[in-house]
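Novice: For the first sequence, the residue numbers in the UniProt record's numbering are 1 to 335.
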Amino acid sequence: MIGCWLVSKDGKHEPIRLPHTETVLIGRGPETLITDRKCSRNQVQLKADCNKGYVKVKQIGTNPTSIDSEDIGNEQEMKLKPGQTLYIVNNLYPYFIEFCESQEPDIKMKNSEKSSLKRASVNSLNGSMETSKKSAKKESNIFPSSTSHLTIMAKTHWNQGLKVSMQDPTMQVFKDDRVVVIKDKYPKARYHWLVLPWESIATLKVLRTEHLDLLQHMHATGENIVKEHANIKLTSFRFGYHAIPSMSHVHLHVISQDFDSSCLKNKKHWNSFTTEYFLESQDVIEMVKNHGRVTVKDDISELLKSPLRCHICKQQQSTVPQLKEHLKKHWPSKQ
DNA sequence: GTTCTAGAAC
DNA sequence: GTTCTAGAAC
Numbered sequence: 001m002i003g004c005w006l007v008s009k010d011g012k013h014e015p016i017r018l019p020h021t022e023t024v025l026i027g028r029g030p031e032t033l034i035t036d037r038k039c040s041r042n043q044v045q046l047k048a049d050c051n052k053g054y055v056k057v058k059q060i061g062t063n064p065t066s067i068d069s070e071d072i073g074n075e076q077e078m079k080l081k082p083g084q085t086l087y088i089v090n091n092l093y094p095y096f097i098e099f100c101e102s103q104e105p106d107i108k109m110k111n112s113e114k115s116s117l118k119r120a121s122v123n124s125l126n127g128s129m130e131t132s133k134k135s136a137k138k139e140s141n142i143f144p145s146s147t148s149h150l151t152i153m154a155k156t157h158w159n160q161g162l163k164v165s166m167q168d169p170t171m172q173v174f175k176d177d178r179v180v181v182i183k184d185k186y187p188k189a190r191y192h193w194l195v196l197p198w199e200s201i202a203t204l205k206v207l208r209t210e211h212l213d214l215l216q217h218m219h220a221t222g223e224n225i226v227k228e229h230a231n232i233k234l235t236s237f238r239f240g241y242h243a244i245p246s247m248s249h250v251h252l253h254v255i256s257q258d259f260d261s262s263c264l265k266n267k268k269h270w271n272s273f274t275t276e277y278f279l280e281s282q283d284v285i286e287m288v289k290n291h292g293r294v295t296v297k298d299d300i301s302e303l304l305k306s307p308l309r310c311h312i313c314k315q316q317q318s319t320v321p322q323l324k325e326h327l328k329k330h331w332p333s334k335q
């Protein structure tokens with residue numbers, strides 16, 4: 001059975017179990033060890049849905065509770081998904097959620113020194129962390145003790161895949177002090193790279209004017225990667241971001257416009273690169289310049305369901321295989 | 001994000 | 001009958 005756990009990023013205390021569809025109130029108190037008077041005793045109401053893979057978070061206290069950098073608002077509700085960070089109050093007390101299949105969640109804890117039994121270390125984003133076995137607790141909502149296996153390898157949710165790939169030297173095409181470039185694991189065209197900042201930026205929503213230099217550097221890095229491939233002069237490229245990416249960690253797509261790839265399989269793939277769901281890098285930069293942040297229409301995901309239309313001649317196609325056949329017409333003929 | 005597959009579409 | 005999509009599971 002799948003369980004959901006609320007994990008303190010600081011490792012201040014053991015994970016708190018969020019039973020499926022049960023309402024759990026969290027705030028100042030012995031369970032969280034939060035003593036901050038700005039935090040209400042019932043600051044947030046949490047309701048996990050293990051089937052849907054998220055936790056509904058309702059702000060009950062007056063002071064702001066936020067997810068990543070977005071305030072939920074008094075009496076308002078937001079979905080907390082794996083990979084996102086919940087700040088209980090005033091951007092403090094960070095938590096994340098983890099779904100796991102057993103009663104023994106695999107949790108990465110930073111301050112394993114607190115733990116009595118040290119476990120095998122695992123490589124993770126922030127360098128070496130250790131997973132730890134916690135002392136046994138009888139209470140049902142407390143992280144239970146491990147029984148048999150000696151090594152707990154922390155399971156990573158699929159949406160954290162980029163964070164793993166960008167750290168892997170075998171995946172890196174280029175890197176400097178600010179960014180790293182990797183090939184997309186499932187390229188949707190002959191050339192498909194991702195430019196990622198080392199700085200952990202969860203989503204486009206957290207971008208502010210202080211990120212402008214970085215965004216411009218990401219774009220310039222993408223241009224350089226394209227230039228390095230001198231044999232692709234006939235290929236055009238687009239640089240942009242998905243409005244609502246599946247993978248955590250902001251990444252700039254640098255993709256050739258042939259869309260000749262066996263990994264391009266469905267309508268969602270196609271529309272994510274050929275409709276306004278694909279936010280042009282320069283437009284994102286301009287948006288941050290002019291408005292201080294990036295805003296995305298609420299119903300932007302509807303674009304993923306749009307009819308299949310050729311990005312060059314705009315002709316509509318009825319199926320993905322037909323579209324892929326049609327695209328060949330636009331490929332430059334080889335000399 | 002991908003994979004798998006039921007059932008819709010042809 | 002086969003092809004293809006879309007939603008669940010991962």
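Backbone N, C-alpha and C fix where the C-beta goes; we use that ideal spot for every residue, glycine too. Every value quoted in this text rests on a predicted model; they were computed, and no experiment measured them.
Assuming residue 197 is part of the alpha helix (DSSP H), what are its boundary residues?
Specialist: Where residue 197 is concerned, there is no enclosing alpha helix (DSSP H), although the beta strand (DSSP E) it sits in stretches over 192 to 197.
Novice: State buried or exposed for residue 313, treating a residue as buried only when at least 16 other CB atoms are found within 10 Å of its CB.
Specialist: exposed
Novice: Residue 303 and residue 325: beta carbons closer than 9 Å?
Specialist: Contact: no.
Novice: Assuming residue 70 and residue 82 are in contact, meaning their beta carbons sit under 8 Å apart, how far apart are those beta carbons, in whole angstroms?
Specialist: Residue 70 to residue 82, Cβ: 17 Å. No contact.
Novice: Under the three-state reduction of DSSP, which class applies to residue 207: helix, strand or coil?
Specialist: coil
Novice: According to DSSP, is residue 287 part of a helix, a strand, or is it coil?
Specialist: Correct three-state label for residue 287: helix.
Novice: State the CB to CB distance for the pair residue 189 and residue 256, rounded to an integer number of angstroms; the pair is presumed to be in contact (CB under 8 Å).
Specialist: About 4 Å separates the two Cβ atoms, so the contact holds.
Novice: Is residue 207 closer than 9 Å to residue 215 when the C-beta atoms are compared?
Specialist: Contact: yes.
Novice: Got a sec, what are the start and stop residues for the alpha helix (DSSP H) residue 273 sits in?
Specialist: 267 to 274
Novice: May I have the straight-line CA-CA distance separating residue 175 from residue 288, to the nearest angstrom?
Specialist: 24 Å
Novice: Note the first and the last residue of the continuous beta strand (DSSP E) segment covering residue 253.
Specialist: Where residue 253 is concerned, the enclosing beta strand (DSSP E) stretches over 252 to 256.
Novice: If the criterion is Cβ atoms closer than 9 Å, does the pair residue 47 and residue 18 meet it?
Specialist: Result yes, Cβ atoms of residue 47 and residue 18 sit closer than 9 Å.
Novice: How would you write the range of the alpha helix (DSSP H) that residue 225 sits in, first residue to last?
Specialist: 212 to 228
Novice: Along the alpha helix (DSSP H) that carries residue 164, what are the first and last residues, could you check?
Specialist: 161 to 167
Novice: Drop a sphere of 10 angstroms on the beta-carbon of residue 192, count the other beta-carbons inside from all chains shown, and report buried for 16 or more, exposed for fewer.
Specialist: buried
Novice: Tell me whether residue 325 sits in a helix, a strand or coil according to DSSP, three-state version.
Specialist: helix
Novice: Give the DSSP-derived three-state secondary structure of residue 5 in the structure shown.
Specialist: strand
Novice: According to DSSP, which residues form a beta bridge with residue 78?
Specialist: 57
Novice: Take residue 264 and list the residues in its own chain whose beta-carbon comes closer than 6 Å to its own, dropping the five residues that flank it on each side.
Specialist: 188
Novice: Which same chain residues, not among the five before or five after residue 25, have their C-beta less than 7 Å away from its C-beta?
Specialist: 42 and 45
Novice: Near residue 186, which residues of its chain fall below 6 Å by C-beta distance, leaving aside the five closest residues on each side in sequence?
Specialist: 263
Novice: Just to confirm my understanding: we take residue 234, look at its own chain, exclude 5 residues before and 5 after, and list those with CB closer than 8 Å. What are they?
Specialist: 332
Novice: What does DSSP give as the partner residues of residue 45 in its beta bridges?
Specialist: 25 and 58
Novice: Residue 165: which of 294, 247, 309 and 299 sits nearest, CA to CA?
Specialist: In terms of CA proximity to residue 165, 247 leads the group 294, 247, 309 and 299.
Novice: Here's a check: name, in chain order, each residue in its chain whose Cβ is nearer than 7 Å to the Cβ of residue 307, leaving out the five neighbours to either side.
Specialist: Counting only Cβ-Cβ distances below 7 Å, and skipping sequence neighbours, we find 316.
Novice: Which first and last residues belong to the beta strand (DSSP E) in which residue 302 is found?
Specialist: Note, residue 302: premise wrong, no beta strand (DSSP E); not H, not E.
Novice: Quick one: Cα of residue 119 to Cα of residue 14, how far?
Specialist: Legend: pLDDT at residue 119 = 33, less than 50; position of this residue unreliable, no value from coordinates given.
Novice: In angstroms with no decimal places, state the Cα-to-Cα distance between residue 50 and residue 56.
Specialist: Approximately 11 Å, taken between the alpha carbons.
Novice: For residue 177, which residues does DSSP report across the bridge?
Specialist: For residue 177, which the question treats as bridged, DSSP gives no partner whatsoever.
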